[in-house]
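Report on one structure; see the data block that follows.
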Amino acid sequence: MTGSSRTILFLLLALFFYAASFADESGLKSVLQSDPSESQQLSDSKKIVLAWSKDDHPRNTHGYQFFAKTYGAMLSKMEGIKVSDVEGFPSPADWEGADLVIFYLTIRELDDAQYAQLDTHLAKGKALMVLHQGIVQRKRTGDWADRIGYSYSWGGESRSKWGAFTAPVKFDTSHPIFAGFPQTVSYKDELYWKLEKGKRGTINNLATTQAPGNRGDSDQAWPVYWTVEHDAVGKAPRGRVFGCVIGHFDKYLHEQIFMTALVRGTAWCLYEAFEPFKAPLRQLK
Numbered sequence: 003m004t005g006s007s008r009t010i011l012f013l014l015l016a017l018f019f020y021a022a023s024f025a026d027e028s029g030l031k032s033v034l035q036s037d038p039s040e041s042q043q044l045s046d047s048k049k050i051v052l053a054w055s056k057d058d059h060p061r062n063t064h065g066y067q068f069f070a071k072t073y074g075a076m077l078s079k080m081e082g083i084k085v086s087d088v089e090g091f092p093s094p095a096d097w098e099g100a101d102l103v104i105f106y107l108t109i110r111e112l113d114d115a116q117y118a119q120l121d122t123h124l125a126k127g128k129a130l131m132v133l134h135q136g137i138v139q140r141k142r143t144g145d146w147a148d149r150i151g152y153s154y155s156w157g158g159e160s161r162s163k164w165g166a167f168t169a170p171v172k173f174d175t176s177h178p179i180f181a182g183f184p185q186t187v188s189y190k191d192e193l194y195w196k197l198e199k200g201k202r203g204t205i206n207n208l209a210t211t212q213a214p215g216n217r218g219d220s221d222q223a224w225p226v227y228w229t230v231e232h233d234a235v236g237k238a239p240r241g242r243v244f245g246c247v248i249g250h251f252d253k254y255l256h257e258q259i260f261m262t263a264l265v266r267g268t269a270w271c272l273y274e275a276f277e278p279f280k281a282p283l284r285q286l287k
């Protein structure tokens, strides 16, 4: 094979893997068009807190602070949204008045006071969003799952169920978060599976995929996106949670179909229409 032929083959393979890691965005054009029937403004002002931790993975992966700054800047462009970010688990002052707290960070173990803070927040009808590494716990995995729907117990590289995957993700397009999405989308990302399911609230799997071939695990549908609606307390609405396993690579912050799911999940958590959130998404490729 000549040098030029090898170059062409390399470029074709690179293009293939690049395409495999991103979704076909053509199906979202109608989703992002303005909808006059929906409210163009938020129903009320909102406070969103993004929790991050210091980098602990290779470059361009698990960019916790990068995500907090990038998504925070995107949300802060919207009228009526106040955004802050915090390193580690939010303090009581951070929780005060927060409508949505987003966890994308490494958490070793939460204590009783932190779980009580989560319960108080959800009992007020407020919301949580947990992405990729945020679902991982070293201990008390069941307690974390009870709040966020699913959690993942890290027991070391050899014992834990994780790895690269390229299997199609199948969406429940009957749910408003994924209405108008393609039925399936292929990602090239990192999957955690055999998650522990929580025992509280109503958990709804919105997207599933198959694990990489791994001794019987690959023929089962594992959750990729889900929601939780916790039981209402008094006159408060039900506390809401949006969870997502995808998010290993930082590049997804610039990819429209991933960000559309994220933004719609944010709107759903806040009991808001999707319409006011559309403008920043139209700027993505």
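Per this note's numbering, the very first residue in the sequence shown carries number 3; after that it's consecutive. In this text, a Cβ means the ideal position worked out from N, Cα and C, and glycines have one as well.
Best match in the options for proximity to residue i [C-alpha to C-alpha]
i, options, result
"Val243", "Asn207, Ala95, Ala169", "Asn207"
"Asp121", "Asp96, Gly144, Asp148, Met131", "Asp148"
"Phe56", "Ile109, Lys31, Asp233, Lys237", "Note that residue 56 corresponds to Lys in the displayed sequence, not to Phe. Closest by alpha carbon: Ile109."
"Leu283", "Pro170, Trp270, Leu264", "Leu264"
"Thr168", "Arg240, Thr211, Ala238, Arg140", "Thr211"
"Ala223", "Lys196, His256, Ala118", "Lys196"
"Arg142", "Glu192, Glu89, Glu198, Gly127", "Glu198"
"Lys128", "Glu111, Glu98, Leu112", "Glu98"
DSSP beta-bridge partners of residue i
i, result
"Cys246", "Leu133, Tyr227"
"Ala53", "Val88, Phe105"
"Ile259", "Note: Ile259 sits in no beta bridge, so no partner."
"Phe173", "Ala209"
"Phe251", "Thr63"
Own chain residues within Cβ distance below 7 Å of residue i, not counting five before or after
i, result
"Gln1", "Any question about residue 1 goes unanswered here, given that the chain covers just 3 to 287."
"Ala269", "Ala275, Phe276, Phe279"
Beta-carbon proximity list for residue i, same chain, < 6 Å, skipping 5 on both sides
i, result
"Gly65", "Asp252"
"Phe105", "Ala53, Val132, Gly136"
"Lys48", "Ile83, Asp101, Leu272"
"Ala209", "Val171, Phe173, Val226, Tyr227"
"Gly200", "Ala147, Asp148, Gly151"
"Thr204", "Glu231"
"Phe260", "Tyr254"
"Glu40", "Ala275, Glu277"
Contact set for residue i: own chain, Cβ-Cβ below 8 Å, skip 5 residues either direction
i, result
"Leu30", "Gly182, Phe183, Gln258, Ile259, Thr262"
"Arg266", "Pro178, Ile179, Phe180, Phe276, Phe279"
Open item on the list: List, from N- to C-terminal side, the alpha helix (DSSP H) runs of 4 residues or more that fit wholly inside the region 109 to 161.
Closed with: 114 to 125, 143 to 150
Open item on the list: Three or more C-beta pairs under 8 Å: does that hold for the region 45 to 56 against the region 64 to 82?
Closed with: yes
Task: Runs of beta strand (DSSP E) wholly within the region 180 to 219 (minimum 3 residues, chain order) - done: Runs of the beta strand (DSSP E) lying entirely within the region 180 to 219, each at least 3 residues long, are 186 to 188, 191 to 194, 204 to 212 in chain order.
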